[in-house]
Amino acid sequence: MALFTLVNLLQNLASQHPVRAAFPQGNRIAYTFLEDGEKPIASLTYRSLDEKARAIATYLQSQLSVGDRVLLVYPQGLESIAAFFGCLYAGVVAIPAPALRKQHG
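Counting in the working numbering, the sequence shown runs from 1 upward without gaps.
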């Protein structure tokens with residue numbers, strides 16, 4: 001029986017939905033960020049998420065060892081998803097934490 005992981009799933013979905021010349025946006029949407037939980041303002045396709053995660057993983061692997069921990073401090077958005085998947089691809093443990101909001105004084 002094959003082992004199914006989030007990494008396997010993303011790589012499989014990215015390869016199943018290649019970008020086609022006639023349809024530059026032919027790749028299916030994986031995630032959409034909703035401003036205020038309602039208004040779509042940015043999206044990531046499976047292919048773009050896979051590419052971003054691979055790039056992040058390459059950097060992490062050059063700096064860390066498998067099993068090391070990485071604190072991910074990001075504001076809400078798609079970048080945090082790519083960073084999380086990058087950690088999975090690199091074999092490091094992601095520890096997500098929200099970015100602090102500025103206090104208006």
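Yeah, the Cβ is synthetic: ideal placement off N, Cα and C, and Gly gets one too.
Check: residue i C-beta below 7 Å from any heavy atom of the ligand NAD
| i | result |
| --- | --- |
| residue 32 | Ligands are entirely absent from the displayed structure, and the ligand NAD is therefore not among its contents. |
Simplified DSSP state of residue i, which is helix, strand or coil
| i | result |
| --- | --- |
| residue 73 | strand |
| residue 7 | helix |
| residue 16 | helix |
| residue 90 | helix |
| residue 97 | strand |
Cβ-Cβ distance between residue i and residue j below 8 Å
| i | j | result |
| --- | --- | --- |
| residue 77 | residue 60 | no |
C-beta neighbour in chain D for residue i, strict 8 Å
| i | result |
| --- | --- |
| residue 27 | No chain D is present in this structure, which holds just one protein chain. |
8 Å CB neighbourhood of residue i in its chain, flanking five on each side removed
| i | result |
| --- | --- |
| residue 40 | 32, 33, 34 |
| residue 5 | 88 |
| residue 84 | 72, 94, 96 |
Other residues of its chain near residue i: CB distance less than 7 Å, five sequence neighbours each side excluded
| i | result |
| --- | --- |
| residue 25 | The predicted position of residue 25 is uncertain, since its pLDDT is 43 and thus under 50; a value taken from the coordinates is nonetheless stated next. Hits under 7 Å: none found. |
Whole beta strand (DSSP E) runs in the segment 30-78 with 3 or more residues, listed along the chain? 39-45, 69-74
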